[in-house]
Each structure stands twice: as structure tokens, then as C-alpha cells.
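Reading through the C-alpha cells given below for one structure.
There are 2 protein chains.
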Amino acid sequence: MKKGHQVTMKEIAKKLGVSVSTISRALKDSPELHPDTKKRIVEMAKEMNYQPNLLAQSLRISRTNTLGVIVPEITSHFFASCISGIQDYANKRGYNVMICQSNETLELEKANIRTLVSSQVDGLLISLSRETNKYDHLLDLYNREIPFLLFDRVNEDIPVSRVTFNDEGGAYQVTKHLLETGCKRVMYVSGPEDLYISKKRKEGYLHALAEFGITPDPELVKISDLTSEGNMKIANEIAFMKQRPDGVFCMIDPIALDLMFVWKPMGIKIPDDMALAGFTNNPASAVIEPPLTTVAQPGYEMGKLAVTHLLDQLEGQASDDPISIVLETTLLPRQSTKAL
Amino acid sequence: MKKGHQVTMKEIAKKLGVSVSTISRALKDSPELHPDTKKRIVEMAKEMNYQPNLLAQSLRISRTNTLGVIVPEITSHFFASCISGIQDYANKRGYNVMICQSNETLELEKANIRTLVSSQVDGLLISLSRETNKYDHLLDLYNREIPFLLFDRVNEDIPVSRVTFNDEGGAYQVTKHLLETGCKRVMYVSGPEDLYISKKRKEGYLHALAEFGITPDPELVKISDLTSEGNMKIANEIAFMKQRPDGVFCMIDPIALDLMFVWKPMGIKIPDDMALAGFTNNPASAVIEPPLTTVAQPGYEMGKLAVTHLLDQLEGQASDDPISIVLETTLLPRQSTKAL
DNA sequence: CTGTTAGCGCTTTCAA
DNA sequence: TTGAAAGCGCTAACAG
Chain G
714 MKKGHQVTMK
724 EIAKKLGVSV
734 STISRALKDS
744 PELHPDTKKR
754 IVEMAKEMNY
764 QPNLLAQSLR
774 ISRTNTLGVI
784 VPEITSHFFA
794 SCISGIQDYA
804 NKRGYNVMIC
814 QSNETLELEK
824 ANIRTLVSSQ
834 VDGLLISLSR
844 ETNKYDHLLD
854 LYNREIPFLL
864 FDRVNEDIPV
874 SRVTFNDEGG
884 AYQVTKHLLE
894 TGCKRVMYVS
904 GPEDLYISKK
914 RKEGYLHALA
924 EFGITPDPEL
934 VKISDLTSEG
944 NMKIANEIAF
954 MKQRPDGVFC
964 MIDPIALDLM
974 FVWKPMGIKI
984 PDDMALAGFT
994 NNPASAVIEP
1004 PLTTVAQPGY
1014 EMGKLAVTHL
1024 LDQLEGQASD
1034 DPISIVLETT
1044 LLPRQSTKAL
Chain L
714 MKKGHQVTMK
724 EIAKKLGVSV
734 STISRALKDS
744 PELHPDTKKR
754 IVEMAKEMNY
764 QPNLLAQSLR
774 ISRTNTLGVI
784 VPEITSHFFA
794 SCISGIQDYA
804 NKRGYNVMIC
814 QSNETLELEK
824 ANIRTLVSSQ
834 VDGLLISLSR
844 ETNKYDHLLD
854 LYNREIPFLL
864 FDRVNEDIPV
874 SRVTFNDEGG
884 AYQVTKHLLE
894 TGCKRVMYVS
904 GPEDLYISKK
914 RKEGYLHALA
924 EFGITPDPEL
934 VKISDLTSEG
944 NMKIANEIAF
954 MKQRPDGVFC
964 MIDPIALDLM
974 FVWKPMGIKI
984 PDDMALAGFT
994 NNPASAVIEP
1004 PLTTVAQPGY
1014 EMGKLAVTHL
1024 LDQLEGQASD
1034 DPISIVLETT
1044 LLPRQSTKAL
């Protein structure tokens, strides 16, 4: 299948017996042009259904008005929300967006960056893959002076702006909530230890324990690989502990959902036998039985702030110096934890 | 913030004292080139961290190797899955993807098409907005011979390929399941009547009724505007009907979830008082209490098939004649309907 | 095997 | 107020 022909300025020019530059000027509403010719041209352009070739234009002005976005996976509701916010606010300012997923691999993350850079995007918004533990590709971007920022899954050693949630604060709130509602032995089920959010949420967890004068018990921290199998293995380990926790804070909702899935048929009652809380507020967490106490992260808002800051930098409305934007989270107490 | 300089072929050429065309040839591994020069060039390109300018290349060869995708909303798990399938299989064949959302409006759908066409995408994959009831913009694409196809939310009057689910079959299966498990009065809660899927799923519903010798009762068809408020209004109407249905088939899962939400505090037991089934298999449907019987639609698979067919057409491996690809759905009986 | 040349569609000086 | 010409970075005849 071959693509049909697209009308060009040259063709309009020939039809009207004027030069291409005149067409160009008319179409961008240049003031130094006779109103009549301008009118004739604009009408003819509409009649011929002219649509500018953005490729040519971008090549000429060396700006594409396009931003690149890289997320670990698009099917996650949280990242989909971020993308939605990014797109809406990019469009509002006349920018398009190219989205790529890394599928949580470093290799694809690098490949995506290459593609987007080759496509001459004006800037990049990146959320790192779970696997990313080397940062050469980002430092390379930095050295080549390609504007970018990191959001949600960030690294603190790259000197660029980043947008994150107050993970520590959220984790502190939810742990405190568990303690306030009567839990004495609160467990933290974490993701892989080198993940930024694993660390931050653990800090919040420890902070709350400290505030309640509780000495952290290494028995009460579990590490999941974040697969369903891994989560379910941990569910069993907890169920068969000689001394079970009476409250469990999971780093992300899906862990909590998997725990519930294993515990329900075993007759473990939530929140009476164990209280349970998550983080992220997945759509499923609201409808599960009992509804899961969790921490809401406004993804759309994060996308909006991230893209707005990057565009402000690109357009000189914000300083090039890296800043850190921190969004607050909201505790959503539901029935999987006891009432105050 | 200004973007740093990108290395061009010209610069490599100057450094090596050869012509630009030689660089071009070396970098695309042309056979008619001395191995030594080729090697020198490739090495130098790597050393200088050269990355091709896709814009210039695309302008020259008048092909971008980029596809445009338009979906109603990216935060829907189903469409996110489609996008994921499209991206994976487009990338496999060396294509990039630009994604846009119409936010369910005709206006944005048109704007997205304009942008993508201006960006010179090689083809488009479109899923129509809920609002789209005029098709000039699509016919225009067709007349301008810009390759595109429709998926999931399609219209049958546009002479292009389309990829859909066997909606009728899925609806037939689920209605039959309700009837087989003992329901006598099965209701269909539809979306707006001009939606393709509203019609198709109603046909399946009616087909199953007919097979069981049941005369359709107009009382037993409700139309929702698909907002949560609309769904909840219908939930109340049903609850207060003089003669309630004993089984309800909802056009999409979210309707069923809203019905449950309203009914649960009213003490209506599912499936004993009323059996309930949906369509789409949203993630939440599996974890709600009771788990919702529904029809699974493999979105990833749909994306994969759609993009593969379009690329086959683009590259001449498939005929340009429009075809209709129909994917089968799978009934997932769960506890919201009675067991067989 | 390699260089010269033209041109993709557009914008933008510089002249007229 | 308009046109001519150069050039963005790249590819592809056509020469040599």
C-alpha cells in the first residue's frame, strides 16, 4: 500500500502564481503581507486541504515540539494516569508526546532513549525501569545537553530535576495508622532493596515505629521480588510464622492483594487476625473484600507537574538548575485496617 | 534551556576527509565500499557518538517508520493492553508509535488525526471515541489514501480493515450461561444505542433468549450513559422494579461493579437474588466480592493483530482490500452467577 | 570504490 | 509587499 500524495506549499504557490516564501508567510500570518494575497492563499490552502509537513518544518527550525516519555509499563494504571496528565498538559502548550515502555528492562530503556533522541524530541520525561542500576545512558543524555527529567522512579545521583511522591511521608502515615488502630507487631513487605521506593517507604515505616518507641524487628521485614509467586510465597511464610504480625504494610497494593488471595481460604480474617495496608491505590483495591487501606498517589497530577516543569525549562520560564518536586500522598483508611 | 549540539554526518566527513555520501553508505552497510573506509567511518561515528537524525532521513525517503495510534483513553486497562500489543509488534518490525487519546470526544479525535498526519506517520490505528457519530474525518483519510484501520470501536461504513471481537458471540455465551444456570428473566443493561458494541452485544443477548424460546421483554433492557451516576440510577430502578430480573448482563464490567456497589448495602444477594455478569474482564472484576462473571477480551492480542495487519498492508505483504478480523472472546464464569 | 549533485518541504535572510 | 536563494541532515542517482 502506498501513501497518497500530500499537498505542499510549492503546489499552492504554482496554482496561485506566487512564490513559496509568500505561502509560508501567509500561513503563519506574517504581518508584512498584503491582506488580499494572504486571504487568497489561506482560502486556497483550505480548499486544497493543505496540511503542513511537520517533518520539514522541524528539520528547518530544529525543534519538533515533541516530547518523549518512557515508562516501565503502560498497562499499569498509575503510569497510564501519569501519561494522561503529561499528554493533556503538553497538548495545551502545543507539544506532542511520543510514549515508549521499557517493559522494566534496562536494555529497552536504553533503546527507547536512542530512538527518541534520534527522533529529535525536544525533551524527555523518564521513569526508570525496575532493572536500572547503571546510569551511563542518563549521564550521556546529560552530557549531550538533552533536556530531561525523572519522575516517580528516579535516581538521586543524576543532576536533573525530578518529580516524586513523599514516599517516606506516605509510608509513615500508613504505618502510624496501623499502630494507632492497635497493631503491636507491624511488618513491612518490601520490594527489591535497591529500588528507590523500597528504601524510602522503609524509612517512613521505621520512622513511625520509632515514634511509637518500637524497636524494629528484622523478622518483621520481608522482601518480595514483586512477582505474584514471590508475594504468595511470602503470604505463606507469614501465615506459618510462630509469632505472626498483627499488621502488615505492603510496599505496593498488588502485594496486599496477593496476600489476601492466599489468606482468605486459610480462614485468616482481615483486619481482625491481621490488619493489612498497601500503597498506590490501585482500582482493584477499592472493590476487594475487605476494601484495602492504602495511600493514594495522584498520577495525573504528577504527569502534569512533570511536563509543566520540563516545558518551563525548555522555554526559559524556569531555571535550568535541577529542582526536586515532591507531591504529597493521601492516606485512604478502609476496612482492611481497624477503625480508629 | 537549549538543546546541545548533535553530531551530523557532515562533521564525521570533515574529520575523516571523505564525502558525506560515503558516510551515509558506510553507516547503512552498503556493499560497494572499501572495508577499510567503512571500518574507519563506523569507528569514528561511534567515537563521536553519532546518532542519525530521523527527521532528515524521513523527509528524504518520505517514510517515517512511525505509526499513529488513537484511543479513547489510555487509562482504561483494555486500551492500555491494546497499545502494549501494538507497540511491541511495531517495534519488532522497526516501527515507532505515536499515541494520542481522544478523551472520548470527536473534536480531539479529529485534532489527533491532523497532528499525526502532519507528523507524516506511515499509517494509523484508530479506535473511535464514544461521541463519534460523523465520519467525514475518516472518509477524508480514506480519500487521501492514508493507510489506516479501525479496531475495537469501529464503524462498518468506512471501507478499511477492522479488528473487532466477536461481541455478538460473547454476549450470546454469557446470556446463555445466565439462562442455563437457572435465570428466567434476564436483563440487558446497555450503553448508548448508537455504539457499535451496544448493538452487537444486544444481538447476542437476543439470540440467546430466542434459543431458549423467550420473548424479549422491553422492560428488561436498560440504557446507561456509562457514567457512574447513570449506572447507579439504573441500579436503583432495578432494585425497585415490581418484578425484578433474576439475572443481569451488563454491557461492560464497570456497570456491573456500580450495580453491586448500590445493591450491597440494600441487602440484595448476588447471585441468589440476582445473578450478575459483565463484559471485558477488568482487573477489578476478579477481586470484587463475589467475583464477577465476565467475558475476557484479549486486548494485547487485538493490538498485535491490528498492527501486524496494517504493517503487512503497508509493506505489501497483505492485500490493500479491507478485511475484517474477528477475535473470539472467552466466558469466565465466576461466583456472581450460579454454578451450572 | 568514492565524490558531486540534486532535492525532500519548509523557513528565513537578503534583495528588489 | 514579494521573490530568490540558501540550507536544515540526509539519500540516491549519476559520474568518474
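These protein sequence lines map, in sequence, to chains G and L.
Note that this note's numbering has the first sequence beginning at 714, numbered continuously upward.
Note that this note's numbering has the second sequence beginning at 714, numbered continuously upward.
All C-beta atoms in this analysis are idealised placements derived from N, C-alpha and C, irrespective of residue type, glycine included.
Quick caveat: nothing in here was measured; it's all calculated off a predicted structure.
- Within the DSSP secondary-structure output, L/C795 pairs in no beta bridge.
- The DSSP assignment places complete beta strand (DSSP E) segments of no fewer than 3 residues inside the segment 749–815 of chain G at 779–784, 809–814, in order along the chain.
- Nearest to G/P978 by C-alpha distance, out of G/I927, G/E924, G/P1046, G/A948, is G/A948.
- L/A803 and L/A793 have their alpha carbons spaced roughly 15 Å apart.
- Within chain L, the residues whose beta carbon sits less than 9 Å from that of G/V1000 are L970, M973, F974, A997, S998, V1000, I1001, E1002, listed in sequence order.
- If you check each beta-carbon in the segment 754–781 of chain L against every beta-carbon of chain G, the ones closer than 9 Å belong to N762, Q764, P765, N766, L767, L768, A769, Q770, S771, L772, S775, R776, T777, T779.
- Distance from the CA of G/K741 to the CA of G/V755, rounded to the nearest whole angstrom, comes to 10 Å.
- Straight across, the Cα-Cα distance linking G/G895 with G/K1051 is about 8 Å.
- Counting along the chain, L/M1015 sits inside the alpha helix (DSSP H) bounded by residues 1012–1027.
- Taking 9 Å as the cut-off, the Cβ atoms of L/H1022 and L/V810 do not count as close.
- Contact of G/A923 with chain L by beta-carbon distance below 7 Å is absent, the smallest such distance being about 34 Å.
- With its beta carbon at least 9 Å from every one in chain L, G/I981 lies outside the interface.
- Taking the C-beta atoms as reference points, G/M987 is found no nearer than 9 Å to G/D1025.
- G/T750 and G/S734 have their C-alpha atoms spaced approximately 12 Å apart.
- Among the CB atoms of chain G, one or more fall inside 9 Å of the CB of L/N809.
- Using a Cβ distance threshold of 9 Å, G/L862 and G/L837 count as a contacting pair.
- Contact annotation for G/R866 against chain L: no contact, minimum CB-CB distance about 18 Å [criterion: below 7 Å].
- 9 Å or more divides the Cβ of G/R866 from the Cβ of G/L939.
- Excluding its 5 nearest sequence neighbours in each direction, G/V1020 has C-beta neighbours in its own chain below 6 Å: I799, Y802, A803, listed in chain order.
- Between L/F962 and L/V887 a beta carbon distance of about 6 Å is seen, short of the 8 Å cut, so the two are scored as contacting.
- Within the segment 941–984 of chain G, the runs of alpha helix (DSSP H) at least 4 residues long that lie entirely inside it are, in chain order, 941–952, 966–979.
- For G/M900, the three-state secondary structure derived from DSSP is strand.
- G/I839 carries a strand assignment under DSSP once its states are collapsed to helix, strand and coil.
- Under DSSP, L/R875 shares a beta bridge with L/L863, L/S1037.
- Within chain L, not a single residue places a beta-carbon under 9 Å from that of G/S937; the smallest gap is close to 19 Å.
- Beta bridge pairing from DSSP links G/V934 with G/Y901.
- In this structure, the straight-line span from the alpha carbon of L/I796 to that of G/M714 is close to 23 Å.
- With a cutoff of 9 Å on beta-carbon distance, G/K935 and G/I951 are scored as near each other.
- In the three-state reduction of the DSSP assignment, G/I910 falls in the helix class, which pools H, G and I.
- Closest by C-alpha distance to L/M900, out of L/N995, L/E724, L/K889, is L/K889.
- With a threshold of 9 Å between beta carbons, L/M900 makes no contact with chain G.
- The beta carbon of L/S831 sits closer than 9 Å to some beta carbon of chain G.
- Taking all protein chains shown into account, G/M954 has fewer than 16 neighbouring C-beta atoms within 10 Å of its C-beta and is therefore exposed.
- Bounds of the beta strand (DSSP E) holding L/L1044 are 1043–1045.
- With distances taken between CA atoms, G/S903 lies nearest to G/N944 out of G/F925, G/F864, G/N944.
- With a 10 Å radius around the Cβ and a threshold of 16 neighbouring Cβ atoms, G/I839 comes out buried.
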